[in-house]
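These notes are about the structure you will find just below.
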Amino acid sequence: MKQLLSMILAAVAAMLLVSCSKPAPIESVESLVANPERLKELRAQCKADHAKVGDDQCNAVAEATR
Numbered sequence: 002m003k004q005l006l007s008m009i010l011a012a013v014a015a016m017l018l019v020s021c022s023k024p025a026p027i028e029s030v031e032s033l034v035a036n037p038e039r040l041k042e043l044r045a046q047c048k049a050d051h052a053k054v055g056d057d058q059c060n061a062v063a064e065a066t067r
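Quick note: the sequence shown uses our numbering, first residue 2, plus one each step.
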């Protein structure tokens with residue numbers, strides 16, 4: 002019983018650590034405007050899988066495209 006409780010506690014702690022990881026930093030509008038090749042890559046990624054790239058990054062891409 003004690004071993005089972007320890008395993009459950011360890012699993013919960015592991016899930017908490019995984020869920021608290023820092024998100025990847027987004028590239029700024031200014032950096033994308035200065036690097037058109039990277040902007041082109043990210044535009045394609047946002048079009049292919051918006052959810053994976055993320056709203057913040059795709060919004061920066063859209064702003065840099067204007």
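Positions of the beta carbon are idealized from the N, C-alpha and C atoms, including for glycine.
With DSSP run on the structure shown, which of helix, strand or coil describes residue i?
i: Arg-67; result: coil
i: Ser-7; result: helix
i: Met-2; result: coil
i: Ala-25; result: coil
Mind checking whether residue i and residue j have CB atoms under 8 Å apart?
i: Glu-28; j: Gln-58; result: yes
i: Val-34; j: Gln-46; result: no
Only counting runs of 3 or more residues, tell me where the beta strand (DSSP E) segments fall wholly within the stretch 31-63, in order along the chain.
-> none
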